[in-house]
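If you read the sequences in order, they're chains A and B. Remember, our numbering sits 1 above the position in the first sequence when you count from 1. Remember, our numbering sits 6 above the position in the second sequence when you count from 1.
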Amino acid sequence: MISLEFILQSVDRWLRDRLGHEVAVAVEYVLVGLFVILFFAVLGLVLVFMERKVSAWMQVRLGPNRVGPGGTLQTLADTIKLVSKEGLTPAGADRFLFNLAPVLMIVVSMLLLAPIAFARNVQLWDINIGVLYVSAISSVSVLAVLIAGWSSNNKYSLLGAMRSGAQIVSYELSAGLSVLTIVVLSGSLQVSQIIEAQQTGWWLFRGHVPVLVAMIIYLIAVTAETNRAPFDLAEAESELTAGFHTEYSGMRFALFFLAEYANVFVASAIGAILFLGGWMPLHLGNWDAFNRIMDWIPSSIWFFAKTFFFIFVIMWFRWTFPRLRIDQLLELEWKYLLPLGIVNLLVATTIAVAGWYF
Amino acid sequence: MTLKQYFRNIWDGMRSLAAGMRRTGYYFFHHKEIITQEYPDVPPRLAERFRGEVVMPHNENNEHRCTGCTACELACPNGTIKIITKYEITPDGKKKKALDKFIYHLELCTMCNLCIIACPTDAIKMSQAFEHSVFDRSQLIKILNKPGSRLMEGVE
């Protein structure tokens with residue numbers, strides 16, 4: 002049967018037969034790097050188009066419908082426009098840091114792709130502390146935002162960056178606690194083992210209320226961490242023009258834009274892995290016939306369907322809720338999400354220790 | 007803040023957020039609700055009372071109902087209408103005032119509808135045509151009565 006795993010193994014064998022072990026590994030590294038860059042480009046095109054369509058339909062509009070069939074080439078045209086635009090560096094800016102920030106941002110998003118399982122046995126790096134790696138790397142992106150805001154030498158940028166710092170430092174806690182809930186239930190930090198633990202059913206169905214609460218907290222926290230509405234105080238176009246990327250233009254602006262969508266994808270993918278079983282098909286207890294039909298659907302389709310479901314929910318948030326004020330934002334985190342997350346983790350631990358989950 | 011109020015806040019917050027998401031979710035799946043009008047491709051849906059310009063209807067014999075009484079010209083708040091009259095000789099030899107030119111300055115008109123209300127013979131009315139852009143301002147000065155047209159029989 003043709004699966005992503007089979008295709009990759011054949012490519013690997015073909016390379017090894019022709020080039021020998023060392024050269025083949027080197028070539029594979031290059032191929033993986035190219036894949037990540039290509040994947041990001043395609044992801045940017047698809048997600049920006051999706052966002053514009055989703056926002057249009059939710060606001061009772063039509064959305065892009067002129068360029069290409071159904072407007073599908075609109076984002077490609079926008080990309081060509083961005084590439085051809087001048088990348089301006091303001092006179093008062095710190096040139097080195099100003100140019101470093103967008104690159105740092107996109108590199109952080111690319112690093113986050115490493116532990117994500119795209120299909121059965123298809124993973125760039127199955128590190129044994131996968132979930133920890135994700136939460137460690139993802140907080141580096143706040144550094145890029147701070148650098149961008151600081152080096153722009155612009156009061157709007159600085160305000161946006163400072164807000165973003167306060168926001169990400171706060172919400173990292175809630176995201177971590179909700180991830181820990183699943184780690185406690187699965188008994189592992191390794192992504193592949195977390196998925197294997199959901200062989201008999203996804204954690205959302207097996208873990209009772211605590212997992213549902215954890216999922217809601219996770220969704221709220223990652224929406225805040227990716228700086229998207231209703232937590233887009235770092236950009237806040239109605240108050241701070243564009244926040245931390247006010248001074249950026251052309252391709253450097255496009256990198257920030259792309260990194261936002263890449264972060265949304267990564268956050269949704271991690272959410273899908275933790276709560277909905279990643280590439281694991283929907284299995285119901287001992288219904289063998291049903292389970293076999295579900296197994297017949299390729300695992301990559303399962304993964305992308307779940308991820309895009311989460312992406313859709315995050316977009317749904319963005320186009321429904323108004324932006325929070327900075328004090329409301331911090332109040333929500335410190336007075337509501339964090340205490341609830343801690344109590345929730347305690348309940349989940351009790352369930353895991355007593356073995357009360359299905 | 008009591009504990010009861012704390013949980014009440016959470017519950018109320020979740021409920022109001024869910025109400026908002028239900029509304030946008032409904033719009034997402036119901037494309038029939040889309041209010042965008044694809045105007046150049048599809049003729050626009052105009053409101054019933056939309057006013058585009060003043061027109062003077064003529065019947066099939068090239069006759070209009072305007073007696074040239076200048077009531078509309080007097081009613082107009084910003085000098086949009088200029089009526090030029092002439093004297094016609096009726097068959098029984100009398101001189102009678104009649105309409106020569108009904109000059110309508112579309113570029114000055116505010117579509118206030120006062121001329122239509124003032125007209126005693128219902129000679130003019132508002133049409134819904136709105137595509138008035140031209141390359142020269144002089145093209146907006148219109149003569150509403152058609153060349154060779156005359157007053158309809160029986161309109162005094």
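For each residue, glycine too, the CB sits at the ideal point set by N, CA and C. Computed from a prediction, not measured in an experiment: that's the story for all the values here.
Ends of the alpha helix (DSSP H) at residue i?
i               : result
D289 of chain A : 289-297
Y176 of chain B : Because chain B is modelled from 7 through 162, residue 176 of chain B falls outside the range shown and cannot be assessed.
I89 of chain B  : That residue, I89 of chain B, is in no alpha helix (DSSP H); its beta strand (DSSP E) goes 87-95.
D79 of chain A  : 75-85
I315 of chain A : 300-319
R207 of chain A : 204-207
K156 of chain A : 156-187
I41 of chain B  : Element bounds for I41 of chain B: n/a, residue is neither H nor E.
V143 of chain A : 142-152
N345 of chain A : 339-355
V192 of chain A : 192-197
A77 of chain B  : 77-81
C118 of chain B : First-last for C118 of chain B: undefined, no H or E at that position.
D328 of chain A : 327-332
Skipping 5 residues on each side, what residues in its chain have a beta carbon closer than 6 angstroms to that of residue i?
i               : result
W203 of chain A : L277, G278
F245 of chain A : V146, A149, G150, S158, G161, A162, A235
L89 of chain A  : S250
L150 of chain B : M62, F108, Y110
G21 of chain A  : none
M59 of chain A  : W320
K88 of chain B  : I109
Between residue i and the rest of its own chain, which residues show a CB-CB distance below 8 angstroms, the 5 nearest in sequence each way excluded?
i               : result
K38 of chain B  : none
L9 of chain A   : V123
T247 of chain A : S153, N155, Y157, S158, G161, L241
P231 of chain A : T224, F318, R319, F322, P323, R324, L325
I352 of chain A : L186, G208, H209, P211, Y358
P282 of chain A : N292, M295, D296, I298, S300, W303
R229 of chain A : E261, V265, I315, F318, R319
For the beta strand (DSSP E) that contains residue i, what are its first and last residues?
i               : result
E162 of chain B : Per DSSP, E162 of chain B belongs to no beta strand (DSSP E) and is neither H nor E.
M132 of chain B : 131-133
E6 of chain A   : E6 of chain A -> not in any beta strand (DSSP E); alpha helix (DSSP H) instead, spanning 5-20.
L166 of chain B : Within the shown structure, residues of chain B are numbered from 7 to 162, placing residue 166 of chain B beyond reach of any answer.
E59 of chain B  : 59-61
K148 of chain B : 147-149
So, for residue i: in the same chain, excluding its five sequence neighbours on each side, which residues have a beta-carbon less than 7 angstroms away from its beta-carbon?
i               : result
K148 of chain B : Y110, L112
A1 of chain A   : Within the shown structure, residues of chain A are numbered from 2 to 359, placing residue 1 of chain A beyond reach of any answer.
E443 of chain A : With chain A covering only 2 through 359, there is no way to say anything about residue 443 of chain A.
L125 of chain A : V33, L114, A115
F311 of chain A : S269, G272, A273
Q43 of chain B  : P50, R51
T227 of chain A : E261, N264, V265, A268
C121 of chain B : V60, C78, A81, C82, I87, I130
Rounded to the nearest angstrom, how far is the Cβ of residue i from that of residue j, given a contact under 8 angstroms?
i               : j               : result
R84 of chain B  : S155 of chain B : Per the sequence shown, the amino acid found at residue 84 of chain B is Asn instead of Arg. Not a contact, Cβ separation roughly 26 angstroms.
Q199 of chain A : D127 of chain A : Rounded, the Cβ-Cβ distance is 16 angstroms, inconsistent with contact.
L105 of chain B : T73 of chain B  : 7 angstroms
A176 of chain A : S239 of chain A : So it is not a contact: roughly 26 angstroms between Cβ atoms.
C78 of chain B  : C125 of chain B : 6 angstroms
K107 of chain B : I90 of chain B  : 4 angstroms
S179 of chain A : V143 of chain A : 19 angstroms between Cβ atoms; not a contact.
A167 of chain A : L331 of chain A : 7 angstroms
G64 of chain A  : K54 of chain A  : 5 angstroms
A118 of chain A : I196 of chain A : 6 angstroms
L275 of chain A : I169 of chain A : The Cβ separation is near 20 angstroms, so there is no contact.
L157 of chain B : H70 of chain B  : 7 angstroms
L181 of chain A : L346 of chain A : 6 angstroms
Quiz item: When the Cβ atoms of the stretch 16-33 of chain A are set against those of the stretch 95-107 of chain A, are three or more pairs found closer than 8 angstroms?
Solution: No, because fewer than three Cβ pairs between the stretch 16-33 of chain A and the stretch 95-107 of chain A fall closer than 8 angstroms, the two stretches do not touch.
Exercise. Just list the alpha helix (DSSP H) runs in the stretch 112-138 of chain A, keeping only unbroken ones of 4 residues or longer that don't cross its boundaries, in chain order.
Key: Counting only runs of 4 or more, we get nothing.
Exercise. Could you tell me whether the stretch 297-309 of chain A touches the stretch 334-342 of chain A, where touching means 3 or more Cβ pairs closer than 8 angstroms?
Key: These segments do not touch.
Quiz item: Taking contact to mean at least 3 C-beta pairs separated by less than 8 angstroms, is the stretch 103-119 of chain A in contact with the stretch 250-263 of chain A?
Solution: Put simply, the stretch 103-119 of chain A touches the stretch 250-263 of chain A. At least three CB pairs are less than 8 angstroms apart.
Quiz item: Of all the alpha helix (DSSP H) runs that stay within the bounds of the stretch 226-262 of chain A, which reach a length of 4 or more residues?
Solution: Counting only runs of 4+ residues, the alpha helix (DSSP H) found wholly inside the stretch 226-262 of chain A occupies 238-241, in chain order.
Quiz item: Does the pairing of the stretch 268-275 of chain A with the stretch 309-317 of chain A give three or more beta-carbon distances under 8 angstroms?
Solution: The stretch 268-275 of chain A vs the stretch 309-317 of chain A: in contact.
Quiz item: Counting pairs of Cβ atoms below 8 angstroms between the stretch 56-67 of chain B and the stretch 105-117 of chain B, do you hit three or more?
Solution: Yes, they touch.
Quiz item: Do three or more CB pairs link the stretch 206-214 of chain A to the stretch 107-116 of chain A at distances below 8 angstroms?
Solution: Judged by Cβ distances under 8 angstroms, the stretch 206-214 of chain A makes no contact with the stretch 107-116 of chain A, as fewer than three pairs qualify.
Quiz item: Contact between the stretch 211-227 of chain A and the stretch 25-34 of chain B: three or more CB pairs below 8 angstroms?
Solution: With fewer than three CB-CB distances shorter than 8 angstroms, the stretch 211-227 of chain A does not count as touching the stretch 25-34 of chain B.
Quiz prompt | Inter-stretch contact (C-beta, 8 angstroms, three-pair minimum) for the stretch 69-79 of chain A and the stretch 41-61 of chain A | solution = Segments in contact, yes.
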